[in-house]
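Enquirer: Okay, handing you the structure first.
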Amino acid sequence: MIMSSGFCSARNWLGFVFLLLTICSLLSPAAAVKRENFKTCDQSGFCKRNRAYADTVAASSSWTSPYRLERGTIKFGDGILTGAVYKKLSGSEENIKLPLTITFYESGTARVSIDEEKRQKGQIELRHDSKARKERYNEAEKWAIVGGTSLSTGAAINKESAKGTTLVVYGPGSKFEAIITHNPFGIEFKRDGETQIKFNDRGLLNVEHWRRKVDKPPVESSTSSSEDSSDGGKASETPAAAEADKDAGEDESTWWEESFGGNTDGKARGPEAMALDIDFPGYEHVYGIAEHAGPLSLKETRGGQDKYSDPYRLYNSDVFEYEMDSPMTLYGAIPFMQAQKKDSTVGVFWLNAAETWIDITKATSIVNPLSLGVLGKTTTQTHWISEAGLLDVFVFLGPTPQDVIGAYADLTGYTALPQQFAIAYHQCRWNYVTDTDVRDVDRKFDKHHIPYDVIWLDIEYTDGKKYFTWDPLTFGDPAGMLKQLDEHGRKLVAIIDPHIKNEGGYNVVDEMKSKDLAVKNKDGSIYEGWCWPGSSHWVDCFSPAARKWWASLFQYAKFKGSSTNLHIWNDMNEPSVFNGPETTMPKDNLHYGNWEHRDVHNIYGHSLINATYEGLLARDKAEEKRNVRPFILTRSFYSGSQRYAAMWTGDNLAEWSHLEASIPMTLSMGISGYPFAGADVGGFFGNPDKELLTRWYQAGIFYPFFRAHAHIDTRRREPYLAGEPYTEIIAKAIRLRYSLLPAWYTAFHEASVTGAPIIRPNYYVFPGDEKGFAIDDQLYVGNTGLLAKPVTKADTKHATIYLADKEKYYDYFDFWTYEGPGEVHLNAPLDTIPLLMQGGHIIPRRDRPRRSSGLMKFDPFTLVIVLGHAGDAEGTLYLDDGESFDYNEGGFLHRKFSYRSATASLTSEDLGSPGKKTKEYLKQMERVRVEKIIVVGAPAAWKNLKEVGITEEESNGQSAAGAVRNAPLEFHAPVEGRAAFAVVRNPAVRIGAGWKINFA
């Protein structure tokens, strides 16, 4: 692998040695996260400064924030309030003007933006060796925001505002208020008269304003002017003048440059951090700010027992073998946080693409000084700190979890509805070594009757780590390989990363250089770093020309050997640079428009998958006249990336702790607006024992993205190699995922139109149940009522599931009955998955085993009716062709199934809106029937019932007047703790039609 073609021709021998050592460390099974390679807050200048600022404020009994909103500057109209906030410099009469914009949207979302007044030419001088833009980065919105910005027509200033404040009433029914305090500046957000969120209540707002770099002259000449300095050609100021232009008492040591790990980051614009305290009065739990390997309910970060000592960090990084229970940064960044208390959810979205840290603390009030320590409400206090860019915060006032998540998704976009194969089982490792190997694995899955849909190729398929190529020796017949997979209804995913091998004669890198499409050094020359190919350059997808060029590379004529069933994996796109600071590229690198990398770092991976998505769309439309949905997997992401790609949690370990952590990590992604998420089944690094591997598959079937993956040095672990009884237990779990694909696909559809998470934590389903707010080891699947508690500890024979309500729950497999609220205990030997069905739901599934999901397209359905205390049940089913965009033109069916105990009848109702492709699709589905109905918790009165009556509409949608036919019913009496159930076999009603089944 290491001595691949062209590798030894790298121009820099020291770089080669470094890369060799890096790769060896990555390949070592004993490797662990090198914590010292990544900054702590204390090693990050802007974070350390702002934490110290917070400490100074907290220690002072007379602190007043130096920021004020000048009343005379306030203007309001068309849902937008503007004004000027002034920052008074300590020890000076000078004030820094900060333009303020508060925008109120029709959705009820509010947005608070603070910029810095643009300086006149010459007032800001950059270092002579940098071409960076002078202004603050203001284009994050361009990448993240796609909707939800219709201005409010009902927002209005309340003329009864208290003195020194401006009160804006807005939102649905004018139930929201923004109370803006002028001096010191702060904002209080209320819903129904109760305070929900506070900005700058603790006075931690801190805008590090632009200033000139001053090289202080020697003392003997301190009162005279000096010659033009090398730092921009400006005359140096006297020490007194320089002192007036800085924040008193602030550490200047990292203002203009900062060193870490042997790299020096030159800061051409000087210090420019934005920080703000955001508090949630009465809220004890906060969630989100994915991605981190910790609990769903975020921990405090200022030290103490079971608390972190560092803030949560958002700075996309290649962290292999990441540590558990840590605020350490990982591969992606979603600066979206929710706060939860009983029956109330609120949230904020911090739109900033630069390195960001978030401190979390909690303060609990005493009800009464004489109440002997009786505690009152808990307030969660957060402190957000970003290195550069604007202060740009969206506020969501709920009141439900879905209100907040839905409003966020409305802004950043809903998760793309994937092709059906994408939500089935994926088989991957680094690496399948030849096209013959791929064909052999494909055949062995069939031989062992284990379904799968996708096989994956890591970097070894390429010719010398050159993307868009195939190794002629090991993958000499990619077309034949893809053809065999296609005949079996299967797909191939190939990895393509943003680092392009720097090798002469390689057409991709030659084009990128000639067209000037690569990321640059601070002086404008092309940036060279080291990654898998050795010397590499990175495509700059912030450039429209680069995005267009990158997209063109996926055309079948250019990516020779690719075909319609080839899809793409964008990895290493944080970006990962082996010899770069913190394993990424320098912050003073330049992107299109001369924006520094520090400004856009967390969006880099997002920009790449945007271009890849456009490339896959264009590939099929231009070459094949096909209208198919792309499938992309990404490791790095930002808010909005859910529009383009699935994600996974990166380089985990084959350890029980990583299996356990995968549940809260995947849940966190779902409630952070990125529901198409999963973790490497089996663990990427290391060799799981057979019990761990089996339990991981049983958990993995509940990840929205379900893929097994393994490191190149691990033993092969395809399910059929596990041996009995493990192979059959794993196969049963995978078949369960396939059986429930209709329910999963329906949940994906809901996510694609509402933003709802696909797997859901307890607080989302039961926002009034305070006991469940911190539960993150069990999950609900969509709106199906399926409640799973994966086993994540070794030698476990039992599982404890928390039930938040008084409803009946049934074991999915044997209908054993449980009731809440409280904990219930299930037997969970190795061959058993703890899975319950909540009463009141109807679950669609397909029970015929197939080797891939595409072969299930016209299979019949089973409907499982789960009756609860009320005796009623509902469920939905969404179907389309599973691959095209025809659903946008009505090419789908969306049915609601309802069982009503009052009439003892089950009905099917159309939820869809017809379009020009509705009839065509329904005709395709004409022969698809319901083959079985199972009623769990069937009434005892049915014990003598032998058949049901069925009325179905005609194919033209008209009712078949009075035409009733019968189908047999089998009643099974309750046994011990198991519920009674009834089975209707072959009712033969069409899945896409309206019908009624009478059980009376």
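According to mature numbering (1 follows the signal peptide of the UniProt record, and there is no 0), the sequence shown holds residues -32 to -1, 1 to 968 in order. Note that CB positions come from ideal geometry on N, CA and C, so glycine has one too.
#1: For my contact list, Tyr778 and Leu804 are in at a C-beta cut-off of 8 Å; report their separation, rounded to the angstrom.
#2: Output yes or no for whether 9 Å exceeds the beta carbon distance between Leu264 and Leu845.
#3: When you compare only the Cα positions, how much space is there between Asn966 and Ala872?
#4: In terms of residue numbering, what span does the beta strand (DSSP E) encompassing Phe44 cover?
#5: Compare the Cα-Cα distances from Phe865 to each of Glu938, Val957, Phe826, Gly548 and report the closest residue.
#6: Just to confirm, are Lys481 and Ala579 a CB contact at a threshold of 9 Å?
#7: Roughly how many angstroms separate the alpha carbons of Leu49 and Leu627, rounded to a whole number?
#8: Thinking Leu621 and Gly654 are a contact (beta carbons under 8 Å), I'd like their distance in whole angstroms, please.
#9: With Ala309 as the anchor, note down where its beta strand (DSSP E) starts and where it stops.
#10: Following the continuous beta strand (DSSP E) through Gly256, name the residue where it begins and the one where it ends.
#11: Let me know the alpha helix (DSSP H) ranges lying completely inside the segment 546 to 615, each 4 residues or longer, listed in chain order.
#12: Compute the beta-carbon to beta-carbon distance between Ala961 and Val903, rounded to the nearest angstrom, for a pair I have assumed lies under 8 Å.
#13: Inspect the CB distances between the segment 234 to 249 and the segment 161 to 172 and report whether three or more fall short of 8 Å.
#14: Whole angstroms is fine: what's the gap from Arg594's alpha carbon to Glu289's?
#15: Measuring CA to CA, which of Gly646, Gly638, Ala742, Ser604 is closest to Arg728?
#16: Is it buried or exposed, Lys757, if we count other Cβ atoms within 10 angstroms and call 16 or more buried?
#17: So, is Asn730 buried or exposed, given that buried needs 16 or more other C-beta atoms within 10 angstroms?
#18: Quick one: using the 10 Å Cβ neighbour count with 16 as the cut-off for buried, is Val461 buried or exposed?
#19: Could you pull the DSSP bridge partners for Trp352 from this structure?
#20: List the endpoints of the continuous alpha helix (DSSP H) containing Asp23.
#21: Taking Cβ to Cβ, would you say Met553 is nearer than 9 Å to Arg603?
#22: The beta strand (DSSP E) spanning Arg281 covers which residue range?
#23: Do you know offhand how far Phe741's Cα is from Tyr105's?
#24: How long is the line joining the alpha carbons of Gly90 and Glu225, rounded to whole angstroms?
#25: Are there 16 or more other CB atoms within 10 angstroms of the CB of Leu119, so buried, or fewer, so exposed?
#26: What is the DSSP secondary structure of Ala331, counted as helix, strand or coil?
#27: Quick check: is any heavy atom of the ligand FMN less than 8 Å from the C-beta of Asn541?
#28: In terms of residue numbering, what span does the beta strand (DSSP E) encompassing Trp424 cover?
#29: Taking the DSSP output, what are the residues bridged to Thr875?
#30: On a CA-only basis, which of Glu85, Ser821, Ala108 is nearest Lys102? Give me that one, please.
#31: Is Ala613 near Phe652, with beta carbons less than 9 Å apart?
#32: Tell me which same chain residues have a C-beta within less than 6 Å of the C-beta of Val372, skipping the five on either side of it?
#33: Measuring CB to CB, does Pro302 end up less than 9 Å from Phe605?
#34: Roughly how many angstroms separate the alpha carbons of Lys658 and Glu791, rounded to a whole number?
#35: Taking the alpha carbon of Asp744 as the reference point, which residue from Glu176, Ala261, His717, Pro152 has its own alpha carbon closest?
#36: Classify Asn284: buried if its beta carbon has 16 or more other beta carbons within 10 angstroms, exposed otherwise.
Expert: So, from the data block:
#1: Tyr778 to Leu804, Cβ: 7 Å. Contact.
#2: Contact flag unset, no.
#3: If you draw a straight line from the Cα of Asn966 to the Cα of Ala872, it comes to about 6 Å.
#4: Boundaries of the beta strand (DSSP E) harbouring Phe44: 43 to 45, taken from the DSSP string.
#5: Out of Glu938, Val957, Phe826, Gly548, Val957 has the C-alpha closest to the C-alpha of Phe865.
#6: Contact flag unset, no.
#7: If I take the Cα positions, the gap works out to 48 Å.
#8: Their Cβ separation, rounded to whole angstroms, is 5 Å, which keeps Leu621 and Gly654 in contact under 8 Å.
#9: Looking at the sequence itself, residue 309 is Lys, so the reference to Ala does not match. That run of the beta strand (DSSP E) goes 304 to 309.
#10: Counting along the chain, the beta strand (DSSP E) containing Gly256 begins and ends at 253 to 256.
#11: Whole alpha helix (DSSP H) segments, 4+ residues: 565 to 568, 572 to 591.
#12: Contact doesn't hold; Cβ gap of about 20 Å is too wide.
#13: In short, these stretches touch, since the Cβ pair count reaches three.
#14: Rounded to whole angstroms, Arg594 to Glu289 spans 40 Å at the Cα level.
#15: Of Gly646, Gly638, Ala742, Ser604, the smallest CA-CA separation from Arg728 is found for Gly638.
#16: By the 10 Å Cβ count, Lys757 comes out buried.
#17: Buried, since its Cβ has 16 or more Cβ neighbours within 10 Å.
#18: Classification for Val461: buried.
#19: Answer is Leu244, Ile326.
#20: That run of the alpha helix (DSSP H) goes 13 to 27.
#21: For Met553 and Arg603, no; Cβs fall outside 9 Å.
#22: Boundaries of the beta strand (DSSP E) harbouring Arg281: 280 to 282, taken from the DSSP string.
#23: The alpha-carbon atoms of Phe741 and Tyr105 are separated by roughly 37 Å.
#24: No answer about Gly90 holds up, because its pLDDT of 49 lies below 50 and its placement is not dependable.
#25: Leu119 is classed as exposed because its beta carbon has fewer than 16 other beta carbons within 10 Å across all chains shown.
#26: Of the three classes helix, strand and coil, the one that applies to Ala331 here is strand, per DSSP.
#27: This structure simply doesn't include the ligand FMN, nor any ligand for that matter.
#28: Secondary structure note for Trp424: its beta strand (DSSP E) is the uninterrupted segment 422 to 425.
#29: Per DSSP, the beta bridge partners of Thr875 are Ser866, Lys964.
#30: By alpha-carbon distance to Lys102, the top candidate from Glu85, Ser821, Ala108 is Glu85.
#31: Ala613 places its beta carbon 9 Å or farther from that of Phe652.
#32: Taken in chain order, the residues that qualify are Gln306, Thr313, Gly315, Phe364, Gly366.
#33: First, the amino acid is wrong: residue 302 is Ile here, not Pro. Yes.
#34: Near 29 Å, if we compare the C-alpha coordinates of Glu791 and Lys658.
#35: Of the listed residues, the one whose Cα sits closest to Asp744 is Ala261.
#36: Buried: at least 16 other Cβ atoms inside 10 Å.
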